[in-house]
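Numbering of the sequence shown is given in this note's numbering, commencing with residue 770 and proceeding in unit increments.
Take a look at the structure below.
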Amino acid sequence: MNWTFTASRPPSRALTALSQTSRDPRPETDLHQVNTAIALAGFVVVIAGLISDRLGSLPMAKPIIAMTMGIVAGPEVLRWLQPQDWPHSRLILKEAARFTLAISVFGIALRTPKESYRHLLRPLGLLLTVGMLVMWLVSAGLAWLFLGISPLMALLLGAIVTPTDPVVASSIVTGSAAERSLPDRLRSTLSLESGANDGLAYLIVLLPILLISHGTSSGAFDRWLVDVLLVGVVLAVVVGLVIGYVAAVALHHADELGWVGKTSLISLSVALSLVVVSTAKLVGSDGILAAFAAGAAFNFGVDRGEEFEEQQVQEGISKLFNLPVFTIFGAMLPWREWFGLGWQVPAFAVAIVLLRRPIALLVTGRWLGAGLVGRDAAFLGWFGPVGVAAIYYALHAEERLRDPATWHVASLVIVVSILVHGVTSGPGLAAYRRASA
């Protein structure tokens, strides 16, 4: 199979056909479709709430159920949802993923105890630098090997699937089963890493995009340095820290005056994450990284004795935002395009799940420190799922390059990761518990 995946060459007939199938043919929104989508998303949240205790031993059951319901309701089965007829359907999913990520990483940064930030500084620094670099290069190498694409496009696909997804990872490390099986150091490490590397992935995703769009000239690197590194990342951190700190100070004074009730704190955290991600977008920065920085600043600025308990924050976020995104994703899966891409794409997806993360932890595991031992490194090496972050970056790349192939490939990797890590999450927790006995 010979895919070019490059903006500088004429697209092949196969990719042209894929592009044509991705166009939105209808000029107006079908209100029946909108109501169906809202009803289905709400139904998923209600069902998940009703059986939440029964799903406690299966940490990733909820994302799988939500995705499956989207598949069943989608155009390939019941046809209740027809995303291909929605105007700007890709944009809808991309923005839903962006806000979901922002709320999720804010919740992660907020619920993590302050002492974990200090204690886990070494392993987090290693995982967010060497670990991310290894995952990127391994993923890019697999893309080049299996798909036969250009090196720049391989680097882009590798970058898209590099970040550990905070939405799916949170499903693994929260809940009663995770609390019984995993130590706090391991749960906090995976949570904080997944929260931070989603925003940092902006650096490695935008670099190949700029090189593909503008060539390997100095202008592309200049734009990456200014627009991506300084404005996209550094400014995002500054914006997030400032907003988070100001909000914490305001909450402290409001609490002293007796203006804040217990039930308002959860809604405040969700609303604040939306403010941060939107403000960062307005100034041209990475809203996901800004949301994580704001959550950390807010965490350090408020009293841990207040009502930001892990389960309250995480369950509220999961029910309201995460599950509907997986439902929409399931309805929008490009089944026909998958069948036309050959065996190499499924093989690539399986290879990513089996090799991308384990190799990175083989390289970094012995130097993690902070009390993380061999079984911790093994758990981290397997449970680095690909999920909503890859949805966002794949659609962002498609939007920038006008090439749907990134979405078609990445979406299959996401499905394989959700299924494989979902099936192994329960046995993985049990195996870790036995190894710790």
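Each residue gets a CB set at the ideal place from its N, CA and C atoms; glycine is no exception.
Nothing here was measured: the structure is a model prediction, and the numbers come from that model.
Delimiting residues of the alpha helix (DSSP H) encompassing residue i
| i | result |
| --- | --- |
| Trp913 | 901-916 |
| Glu962 | 953-983 |
| Ser950 | 945-950 |
| Leu998 | Element bounds for Leu998: n/a, residue is neither H nor E. |
| Phe990 | 987-992 |
| Thr931 | Unbroken run through Thr931: none, as it is neither H nor E. |
| Val1018 | 1004-1025 |
| Pro716 | Given a span of 770 to 1206 for the chain in the structure shown, any question on residue 716 remains unanswerable. |
| Pro832 | 830-842 |
| Gly1064 | 1056-1070 |
Within 8 angstroms, strictly: CB atoms of residue i and residue j
| i | j | result |
| --- | --- | --- |
| Ala1100 | Leu850 | yes |
| Leu1141 | Pro932 | no |
| Val907 | Ile1128 | yes |
| Ala1118 | Val1008 | no |
| Gly968 | Ala1005 | yes |
| Val903 | Val1132 | yes |
| His983 | Pro1103 | no |
| Ser960 | Ile877 | yes |
| Ile1097 | Val1045 | no |
| Val813 | Pro1154 | no |
| Val1207 | Val1122 | Residue 1207 is absent from the model: the chain starts at 770 and stops at 1206. |
| Asn1091 | Ser873 | yes |
| Gly1064 | Leu916 | no |
| Asn804 | Met901 | no |
| Asp934 | Ala1158 | yes |
| Val1002 | Tyr971 | yes |
| Val974 | Gly1156 | no |
| Ala1062 | Leu1010 | yes |
| Glu962 | Leu896 | yes |
| Gly1150 | Gly1134 | yes |
| Phe875 | Ser1047 | no |
| Thr898 | Ser957 | no |
| Leu1130 | Ala1146 | yes |
| Phe1148 | Leu998 | no |
Cut-off 8 angstroms between Cβ atoms - residues of its own chain near residue i, not counting five sequence neighbours on either side
| i | result |
| --- | --- |
| Glu797 | Only weak support is given to the placement of Glu797: the predicted model assigns it a pLDDT of 48, under 50, and the question is left unresolved by the model. |
| Val1071 | Ala1017, Leu1020, His1021, Phe1077 |
| Ala809 | Note that residue 809 is Leu in the sequence shown here, rather than Ala. Hits under 8 angstroms: Met838, Gly839, Ala842, Trp849, Leu850, Thr1096. |
| Met836 | Phe1095, Thr1096, Phe1098, Gly1099, Val1184, Ile1187 |
| Arg1144 | Tyr1201, Ala1204, Ser1205 |
Nonlocal neighbours in the same chain, by C-beta distance under 7 angstroms from residue i, ignoring five residues either side
| i | result |
| --- | --- |
| Trp913 | Pro920, Ala923 |
| Ala1016 | Leu1041, Phe1067 |
| Ala1023 | Val1029 |
| Tyr1161 | Lys863, Ala866, Arg867, Leu870 |
| Asp1055 | Gly968, Tyr971, Gly1001, Val1002, Ala1005, Ala1049 |
| Phe1069 | Lys883 |
| Leu847 | Val841 |
| Trp1136 | Leu895 |
| Leu1181 | Trp1107, Val1114, Pro1115, Ala1118 |
Proximal residues to residue i (C-beta, below 6 angstroms), its chain only, five neighbours per side dropped
| i | result |
| --- | --- |
| Val1052 | none |
| Leu1198 | Ala946, Ser950 |
| Trp993 | Leu976, Leu979 |
| His888 | Ala1139 |
| Glu845 | Trp1104 |
| Gly927 | Trp905, Ser908, Ala909, Ala912 |
| Pro852 | Ser858, Ala1100, Met1101 |
Distance cut-off 7 angstroms: residue i Cβ against heavy atoms of the ligand COA
| i | result |
| --- | --- |
| Leu1188 | With respect to the ligand COA, the structure offers nothing, as it holds no ligand at all. |
Practice problem: Within the stretch 1100-1177, note down every full alpha helix (DSSP H) run reaching 4 residues or more, in order along the chain. | Solution: 1104-1108, 1113-1120, 1126-1133, 1143-1151, 1157-1170
Quiz item: Can you give, in chain order, each stretch of the alpha helix (DSSP H) that sits fully within the stretch 847-906 and has at least 4 residues?
Solution: 858-880, 883-888, 890-895
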